[in-house]
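Below is one structure, written out as structure tokens; comments come after it.
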Amino acid sequence: MSAKILVIDNITVSFDGFKALNNLNFSMDAGELRVIIGPNGAGKTTFLDIITGKTKPTEGQVLFKGRNLRSYSEHQIAQMGVGRKFQTPRVYLNLTPRENLELSCNHRKAVFPTLFSKTPSAERRTVAGLLETIGLIHKADMKANLLSHGEKQWLEIGMLVAQSPDLLLVDEPVAGLTDEETMKTGELLLSLAESHSIIVIEHDMEFVRQIARKVTVLHQGSVLCEGTIDEVQSNPRVIEVYLGQPHEAEDNIPVSAKLEEHKTSLSAEDIVTT
Ligand code: ADP
Ligand code: MG
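Position 163 of the sequence shown, counted from 1, bears residue number 166 in this note's numbering, the numbering being contiguous throughout.
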């Protein structure tokens, strides 16, 4: 059995009695790339909030690398190796990509002084390596405000990686990106997945298909099902949740075909996250 980097054990999060997460169980192996989908209000953001410590569960526990996170602050959990990428890029626009990455590397140095007490040149190599990974070497020294939306997203992913997280949480990385940028983001996440555990929340189904190995579907605060993209897309309960109603037996169209038919609505309108 491979080591679990994350185990979520029967978590409930109540907001004034309303259960945003409801007896949710989830686990993933170290090194896994997991995609989480689910309709609006399913609990996806709350799910990330309980991993980062932004929200504490009403019941249940979160184990990260075997440690119960309950007594740790958001800041301590980040130091333990959980990095979160928010939907809107948070880069310093008046600095260059290189400078942004240098700041993130310095931050890491402050967090893990013993590991990175080496030479400044070792750090420069790290920044150069990160610039290469995120494909921004040619734009390393221009102000970040001149970058496209996609390039800013990659820079922020690079800044996160600079802090050496064990688990990367990525919330809707391709919202608002061009098709080409979306494809490149998928390639970046796949390459990072070679050395990190990653959770991606996304509702662009074409993108999910590009990167997904295992997909978890959330609905009403619980896990509705898990499997490959083909398995979840042909699961009648998933189809019902996304399309809002069960299909009549009389039309004789298999549910999988129905879902293919509704792929466009699945990619955007029905699965809008807040
Ligand atoms: P998703 O990201 O899947 O759209 P969320 O996790 O944001 O879902 O929200 C799940 C449910 O919990 C929604 O019905 C939302 O209105 C509710 N919710 C989230 N945060 C709060 C809060 N702080 N107070 C009250 N209700 C909340
Ligand atoms: Mg959300």
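Built from N, CA and C at the ideal position, the CB exists for glycine as well.
Keep in mind that this is a model prediction, so the values were computed, not measured.
{"Asked": "Buried or exposed by the 16-neighbour rule on C-beta atoms within 10 Å, applied to Q79", "Found": "exposed"}
{"Asked": "Sufficient close CB pairs (3 or more, under 8 Å) joining the stretch 18-30 to the stretch 217-224", "Found": "yes"}
{"Asked": "Cβ-heavy atom distance, K59 to the ligand MG, below 7 Å", "Found": "no"}
{"Asked": "Opposing strand residues paired with M186 [DSSP bridges]", "Found": "For M186, which the question treats as bridged, DSSP gives no partner whatsoever."}
{"Asked": "CB-CB length for S200 against A33, believed under 8 Å", "Found": "6 Å"}
{"Asked": "Contacts around R93, its chain only, beta-carbon distance under 8 Å, and the 5 residues preceding and following it disregarded", "Found": "E159"}
{"Asked": "Where the beta strand (DSSP E) containing I14 begins and where it ends", "Found": "7-18"}
{"Asked": "Enclosing beta strand (DSSP E) for R87 [first to last residue]", "Found": "85-88"}
{"Asked": "Alpha-carbon spacing of L51 relative to E62, whole angstroms", "Found": "16 Å"}
{"Asked": "Assigned exposure category for D182 - 16 Cβ within 10 Å defines buried", "Found": "exposed"}
{"Asked": "Beta-carbon proximity check, L149 vs L104, cutoff 8 Å", "Found": "no"}
{"Asked": "Pairwise C-alpha distance: C108 and E234", "Found": "40 Å"}
{"Asked": "Pairwise C-alpha distance: L36 and L139", "Found": "23 Å"}
{"Asked": "Pair within 8 Å by beta-carbon distance, L1 and V203", "Found": "Because the chain here runs from 4 to 277, residue 1 falls outside it and cannot be looked at."}
{"Asked": "Beta-carbon proximity check, G56 vs E77, cutoff 8 Å", "Found": "yes"}
{"Asked": "First through last residue of the beta strand (DSSP E) which encompasses T219", "Found": "217-222"}
{"Asked": "Neighbourhood of N71 by C-beta distance below 8 Å, restricted to the same chain and skipping five residues each side", "Found": "Q64, V65"}
{"Asked": "C-beta contact flag for V241 and C228 at 8 Å", "Found": "yes"}
{"Asked": "Contact test: K217 Cβ vs the ligand MG heavy atom, cutoff 7 Å", "Found": "no"}
{"Asked": "Simplified DSSP state of I174, which is helix, strand or coil", "Found": "The sequence given here places Asp at residue 174; Ile does not occur at that position. D174: strand per DSSP, three-state reduction."}
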